[in-house]
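Chemist:
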Amino acid sequence: MTRATRLPRLTRRTLLTSLLLAGAGVSAAACSSGTGAQSRASAGAGGVVIGMTYTPNVQFAPFYMALDEGRYASGVSLRHHGEQEGQFDALLAGTEQIVVAGGDEAIVAASNGNDLVVIGGYYQRYPGCVIVPEASDITALADLKGRSIGTPGRTGETWFSLLVALSTAGLTEQDVTIEEIGYTQQAALAGGKVEAIVGFSNNDAVQLAQNGTPVRTLEIGQDVPLLGASLVTTSTLLAERREELADAVVASAQGMAAFVADPDAAVEASAQYVPDLVDPTQAAHAREVAVATAELVAPTSQSLIGSVTVDQVSRTIDFLAAQQLLGPTGLSAETVCDPLLDA
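In terms of mature numbering (1 follows the signal peptide of the UniProt record, and there is no 0), the sequence shown is residues -29 to -1, 1 to 314.
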């Protein structure tokens, strides 16, 4: 595999202009169409380290593509977390300067006294969904009443998704049987241990189908009050290195645009990090994940690719507070969100 030709370094204004011009076309293209902590740098040492809160995966291809195409400034690097590593540990310890993580999870962590600020968007649509076997008679969220639902636990984005789904259906936790099954949702659903699971549209739903279990997904709501995968930093770093972080956010957004427009290029870029993708079957499976992820990343009629708004954060805070999921530290949307895409 040949590496992409490195592009000349562009100004942030030029990058923003290209994103604005590409937005509508990228959205249309999206519709048609390892282990351990690792890092890879564009050049030099130090600089800005962007953390990926999972082992290498095609879901991080926008960042692989931005690095491979020379979008980032010299010294920007990517670092993958190990399977047991906390989402925000490296960021708070100063090992990373940006981390790709759930915006809602960052808000919960901030409410527990952690210095976290959302500075950029990644997913423009929320990935959480309810997944049922294709032959199931559960065809709407209201049909979950009296049924068993598998979830990893009562924390994180799958738990938040279940709470939104129940709220949308007018149900309470007492109306369903919640099975805390760890990260075994796929096996539990395929084996008939639960009647539905909460998972992600670009992960669990795709992998179940790939492994021979036909499934359907149910949206958890029409207007989900949760902020999905985002770019997160700390207020200290933001005060000290705002320009560098803003450049990295905009370059990441251009990588997102390239990812949405070309899932094949996304798989090719990911192969440098995921050696199994040399196998045609694995590459085909990764492409399906890339296409499903692109549907989450693509701009909506109200958003620019890579964007995040204070209003999104405010709505997320309100929902999490209503569900009593926030810690004792008081939050405001303005302090926990400082969008840099248009900075």
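Built from N, CA and C at the ideal position, the CB exists for glycine as well.
#1: Got a sec, what are the start and stop residues for the beta strand (DSSP E) E151 sits in?
#2: For the beta strand (DSSP E) holding F290, just list the boundary residues, first then last.
#3: Give the straight-line distance between the Cα atoms of A1 and Q193, rounded to the nearest whole angstrom.
#4: For T207, does the three-state DSSP call read helix, strand or coil?
#5: So, are the CB atoms of V29 and V245 less than 8 Å apart?
#6: Quick check on L189: does DSSP put it in helix, strand or coil?
#7: For N173, count neighbouring C-beta atoms within 10 Å of its own C-beta (all shown protein chains included) and say buried if the count is 16 or more, exposed if not.
#8: Can you tell which of Y25, D39 and T24 has the C-alpha that lies nearest to the C-alpha of A236?
#9: Figure out for me which residue from I69, A81 and L134 has the closest Cα to the Cα of Y93.
#10: Please name the residue or residues paired with A180 in a DSSP beta bridge.
#11: Beta-carbon separation of V79 and V203 under 8 Å?
#12: What ranges does the alpha helix (DSSP H) occupy inside the segment 76 to 160, keeping only unbroken runs of at least 4 residues that lie completely in it?
#13: Beta carbon of S82, beta carbon of L248: below 8 Å?
#14: Out of curiosity, what's the CA-to-CA distance linking A12 and R258?
#15: Assign N182 to buried or exposed, taking buried as 16 or more other Cβ atoms, counted over all protein chains shown, within 10 Å of its Cβ.
Modeler: Checking against the coordinates, here is how it stands:
#1: For the purposes of this step, residue 151 is taken as residue 180 along the sequence shown, with counting starting at 1. Counting along the chain, the beta strand (DSSP E) containing E151 begins and ends at T148 to E151.
#2: As a first step, residue 290 must be located in the sequence shown, where it is residue number 319. Note, F290: premise wrong, no beta strand (DSSP E); alpha helix (DSSP H) at V281 to A293.
#3: Residue 1 sits at position 30 when you count from the first residue of the sequence shown. Residue 193 sits at position 222 when you count from the first residue of the sequence shown. For A1, the pLDDT reaches just 36, beneath the cut-off of 50, and the residue's location in the model is therefore unreliable, although a value from the coordinates is still provided. Cα-Cα distance, rounded: 20 Å.
#4: As a working note, residue 207 is residue 236 in the sequence shown. If DSSP states are grouped into helix, strand and coil, T207 belongs with the helices.
#5: As a working note, residue 29 is residue 58 in the sequence shown. As a working note, residue 245 is residue 274 in the sequence shown. Contact: yes.
#6: Counting from one through the sequence shown, the residue named residue 189 turns up at place 218. L189 falls in the strand class under three-state DSSP.
#7: In the sequence shown, counting from the first residue as 1, residue 173 sits at position 202. That one is buried.
#8: As a first step, residue 236 must be located in the sequence shown, where it is residue number 265. Selected option, being the one with the closest Cα: D39.
#9: Within the sequence shown, residue 93 is the residue found at index 122, counting from 1. The shortest CA-to-CA distance from Y93 to any of I69, A81 and L134 is the one to I69.
#10: Stepping through the sequence shown from its first residue, residue 180 is reached at position 209. Partner(s): none; A180 has no beta bridge.
#11: Along the sequence shown, one-based indexing puts residue 79 at 108. Along the sequence shown, one-based indexing puts residue 203 at 232. No, the pair does not count as a contact, with Cβ atoms beyond the cut-off.
#12: 127 to 140
#13: Here residue 82 refers to the residue found at position 111 of the sequence shown. Here residue 248 refers to the residue found at position 277 of the sequence shown. Cβ distance not < 8 Å, so S82 and L248 don't count as in contact.
#14: Counting from one through the sequence shown, the residue named residue 12 turns up at place 41. Counting from one through the sequence shown, the residue named residue 258 turns up at place 287. With a pLDDT of 49 at A12, under the threshold of 50, the modelled position of that residue is not reliable, and the figure given next carries that caveat. Computed Cα separation, rounded: 25 Å.
#15: By one-based count along the sequence shown, residue 182 stands at place 211. Exposed, by the Cβ-count rule.
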